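With full-length UniProt numbering, the residue at position 164 of the sequence shown is 164, and numbering never jumps. Just so you know, even glycine gets a beta-carbon here, dropped at the ideal spot from N, CA and C. A quick note: this is a predicted structure, and the numbers were derived from the prediction, not measured. A quick write-up on the structure given underneath.
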Amino acid sequence: MTGRAVSTSSVSCEDHHALTETLLRKAAEHTGACREELLREAIVQGAAMARSLALRYDGRGVDREELFQVAYVGLVKAAQGYRPGPDTDFRSYAFPTIRGEIKRHFRDNAWAVRPPRRIQNLQASINAVEGELAAQLHRWPTDQELADRIGVPVEEIRDAQRAVGCFHPASLDASLWIDSSVSLGSTVPDRADTFELVNQLETLRPAVANLGERDKLILRRRMVDHWSQAEIAAEIGVSQMQVSRLLSRIMGVLRSALAA
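Okay, structure coming up:
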């Protein structure tokens with residue numbers, strides 16, 4: 001070994017994977033400083049794979065750079081633990097190792113408000129199967145489909161889905177919308193102040209009455225029946241992304257009524 005890192009410029013993903021595999025197989029044949037240098041080069045080559053896996057968990061309340069660092073830890077563990085054989089492939093070994101490291105980080109470090117361990121474990125199970133189900137169904141799975149796959153009651157899936165905000169709860173001081181002087185906290189009624197609660201309910205009543213029938217159905221399904229966006233989408237015949245946009249618009253209308 002010369003200690004010179006392999007150039008990664010103009011190298012495709014498959015070339016990275018092939019080079020990583022070659023370096024790890026060479027490392028298995030050496031000891032000492034030579035082995036460590038080969039492992040280091042293999043980890044450099046595998047970094048793009050680790051980042052790609054980490055990005056699947058982006059936007060869930062953990063900083064992207066922090067996700068990358070956690071994925072790198074998983075990559076290092078995978079490289080050090082890999083034992084090449086005639087029919088082995090490093091990617092097949094590394095993927096679950098890196099995913100497991102990321103999920104442990106979410107489970108142990110990312111909760112701003114820590115729910116029961118049962119909910120945390122169920123969140124991990126949902127993360128493990130929802131992407132696979134979406135690929136099979138060509139749409140995002142409903143809560144019932146997730147429950148059937150995992151083998152738990154659908155009510156538990158909904159409990160776990162409601163806990164998603166525990167990773168990164170919104171600040172009560174945050175504005176309701178860009179350039180707004182109205183904060184989220186100002187729209188939360190004081191349960192001890194029954195007059196204010198009644199006042200807000202009466203303010204919302206005409207705003208809800210003026211919504212279209214589809215908007216009323218979406219609002220009821222989400223806020224009263226606690227349906228997931230995927231379930232609402234399946235009922236009204238649109239995509240989950242469209243439901244998300246519709247809900248954002250509906251909530252904007254109601255918030256404007258409260259702020260008026």
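- A contact is defined here as three or more CB-CB pairs under 8 angstroms, and the stretch 51–69 fails this definition with respect to the stretch 14–33.
- Taking a C-beta distance under 8 angstroms as the contact criterion, G74 and E101 qualify as a contact pair.
- Cβ contact annotation for I43 (same chain, cutoff 7 angstroms, sequence separation greater than five): L75, V76, A79, in chain order.
- The beta-carbon distance between A207 and A257, rounded to whole angstroms, is 4 angstroms. This is short enough to meet the 8 angstroms contact definition.
- With contacts defined by Cβ atoms closer than 8 angstroms, P116 and E130 do not form a contacting pair.
- Here E66 is exposed, its C-beta having fewer than 16 other C-beta atoms within 10 Å.
- Cα atoms of G212 and Y93: separation of roughly 52 angstroms, rounded to the nearest angstrom.
- Looking at A50, S125, Q240, the one whose alpha-carbon comes closest to that of F68 is A50.
- Here Q229 is buried: its Cβ has 16 or more other Cβ atoms, across all protein chains shown, within 10 Å.
- The beta carbons of L39 and A47 sit no closer together than 8 angstroms.
- By the neighbour-count definition (other C-beta atoms within 10 Å, threshold 16), V70 is a buried residue.
- Excluding the 5 residues flanking it on each side, I236 has same chain C-beta neighbours closer than 8 angstroms at R214, L217, I218, V243, in chain order.
- T31 is classed as exposed because its beta carbon has fewer than 16 other beta carbons within 10 Å across all chains shown.
- Between L24 and I98, the CB-CB gap reaches or exceeds 8 angstroms.
- By the CB criterion at 8 angstroms, Y82 and F90 fall inside the cutoff.
- Around the beta-carbon of A33, fewer than 16 other beta-carbon atoms lie within 10 Å, marking it exposed.
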